[in-house]
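Chemist:
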Amino acid sequence: GKFSWPGGNSYEGEWKDGERHGKGTYTHANGSRYEGDWVEDKQEGYGIEKYSSGQTFKGYYKGNKKNGKGMCTWPDGKTYEGQFINDDIHGEGTYKWADGRLYKGQWAQNHMHGSGTYRWPDGRCHEGQYNEDKKHGWGKFSWPGGNSYEGEWKDGERHGKGTYTHANGSRYEGDWVEDKQEGYGIEKYSSGQTFKGYYKGNKKNGKGMCTWPDGKTYEGQFINDDIHGEGTYKWADGRLYKGQWAQNHMHGSGTYRWPDGRCHEGQYNEDKKHGWGK
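In the numbering used here, the protein residues as written are 837 to 1114.
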């Protein structure tokens, strides 16, 4: 039978005991329509819903709402295939954007939430935890050039403990704050140089120790990646300078010792003895 409402909506299909039951099509006045199964006057079972906006859903319903497996397509090219609960994208599913991006994983109330993998068309990939569409918790992010980050995230940013590895083998392992190297960390360079110490804003800031493959070491203060402040520099041949530094130069008061017993104690200016000295 066919039933029409004064506003322009209509139902055509099977009935049972006065209720829509079986196969039927409900058409809205605006052109949207549902074609599929009905149980006791409700959309229940498999159906296809086409909206006036151009969106289409094919899948399962319960109590007039999308529940179970289904697939949505949008007129702008987006698609989602996976689980639904009470009309929401919820459970396991794959969402594809028209520009080539793809997320495959867990969802909660229309948000990426839980474990999943997000891929970009340029080769970037994040595999890990999400909270309301943002990277949150443990995750690994890789770039097409070979760089990668593995560790903790918060609100879409690297935050907590994590390791950033460069394609050339250099790597930083340590603390992150709001997507920046901040706190204590260890950085090992492909050249063989190693730094252990404190960072702020992606740069060495505070106390730290550098070692070089040729045997040199520096232990002391850094500011914005520069040796700056009080510190001790040792050369592989036994020479040692302990004192003040400015922008990677011996600058200020310090003591320079040679392995043969010579010693200078006094003022320095850009690595040269300058001012009072003994």
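Cβ atoms here follow ideal geometry from the backbone N, Cα and C, with glycine treated the same way.
Bear in mind the structure is a predicted one, so any value in this text is a computation, not a measurement.
Cα-Cα, which of Gly-950, Glu-917, Arg-869 and Asp-958 is closest to Asp-969?
Modeler: Gly-950
Chemist: Assuming Tyr-897 contacts Gly-881 under a Cβ cut-off of 8 Å, what Cβ separation, rounded to an integer in Å, is found between them?
Modeler: 6 Å
Chemist: Would you identify the three-state DSSP class for Lys-1032, choosing helix, strand or coil?
Modeler: For Lys-1032, the three-state secondary structure derived from DSSP is strand.
Chemist: Could you tell me whether the Cβ atoms of Gln-826 and Thr-863 are closer together than 8 Å?
Modeler: Nothing in the structure corresponds to residue 826, since the chain is present only between 837 and 1114.
Chemist: With a cut-off of 8 Å on the beta carbons, I'd call Gly-996 and Lys-990 a contact; round off their distance for me.
Modeler: 7 Å
Chemist: Thinking just about the alpha-carbon of each residue, which of Asp-873, Ala-934, Lys-1024 and Phe-893 is nearest to the one in Gly-899?
Modeler: Asp-873
Chemist: So is Gly-1099 buried or exposed if we call it buried at 16+ other beta carbons inside 10 Å?
Modeler: What sits at residue 1099 in the sequence shown is Cys, not Gly. By the beta-carbon neighbour count (other beta carbons within 10 angstroms, threshold 16), Cys-1099 is exposed.
Chemist: Under a Cβ-count criterion, where at least 16 other Cβ atoms within 10 Å of its own Cβ denotes burial, should Gly-837 be classed as buried or exposed?
Modeler: Exposed, by the Cβ-count rule.
Chemist: Expressed to the nearest angstrom, what Euclidean distance is found between the alpha-carbon atoms of Val-1013 and Asp-1050?
Modeler: 33 Å
Chemist: Threshold first: 3 residues or longer. Then list the beta strand (DSSP E) segments lying entirely within the region 874-901, N to C.
Modeler: 878-886 and 892-898
Chemist: Among residues of its own chain, excluding the 5 on either side of Tyr-887, which ones have a beta-carbon nearer than 7 Å to its beta-carbon?
Modeler: Ser-868
Chemist: Give the straight-line distance between the Cα atoms of Asn-1105 and Gly-1067, rounded to the nearest whole angstrom.
Modeler: 15 Å
Chemist: At which residue ranges does the region 899-929 contain complete beta strand (DSSP E) runs of 3 or more residues, listed in the order of the chain?
Modeler: 901-909 and 915-921
Chemist: If you check the beta carbons only, do Ser-1026 and Gly-1005 fall under 8 Å apart?
Modeler: yes
Chemist: Under 8 Å by Cβ, that's how I've got Thr-953 and Lys-932 pegged, so tell me the actual separation to the nearest angstrom.
Modeler: The pair is not a contact, with the Cβ atoms about 13 Å apart (cut-off 8 Å).
Chemist: Mind reading off the beta-carbon distance from Pro-957 to Asp-924? Whole number of angstroms is fine, and I expect it under 8 Å.
Modeler: Contact between Pro-957 and Asp-924 does not hold, since their C-beta atoms are separated by about 27 Å, which reaches or exceeds 8 Å.
Chemist: Mapping the DSSP letters down to three states, classify Trp-974 as helix, strand or coil.
Modeler: strand
Chemist: Can you name the residues that DSSP bridges to Asn-1105?
Modeler: Lys-1108
Chemist: Since Phe-920 and Gly-895 should fall inside the 8 Å C-beta cutoff, what is the C-beta to C-beta distance between them, to a whole number of angstroms?
Modeler: Right, the Cβ-Cβ distance comes to about 7 Å (below 8 Å), so this counts as a contact.
Chemist: Reducing DSSP to helix, strand and coil, say where Ser-1027 ends up.
Modeler: In the displayed model, Ser-1027 falls within coil according to three-state DSSP, outside both helix and strand.
Chemist: Compare the Cα-Cα distances from Arg-960 to each of Glu-988, Glu-1009, Lys-976 and Lys-1109 and report the closest residue.
Modeler: Lys-976
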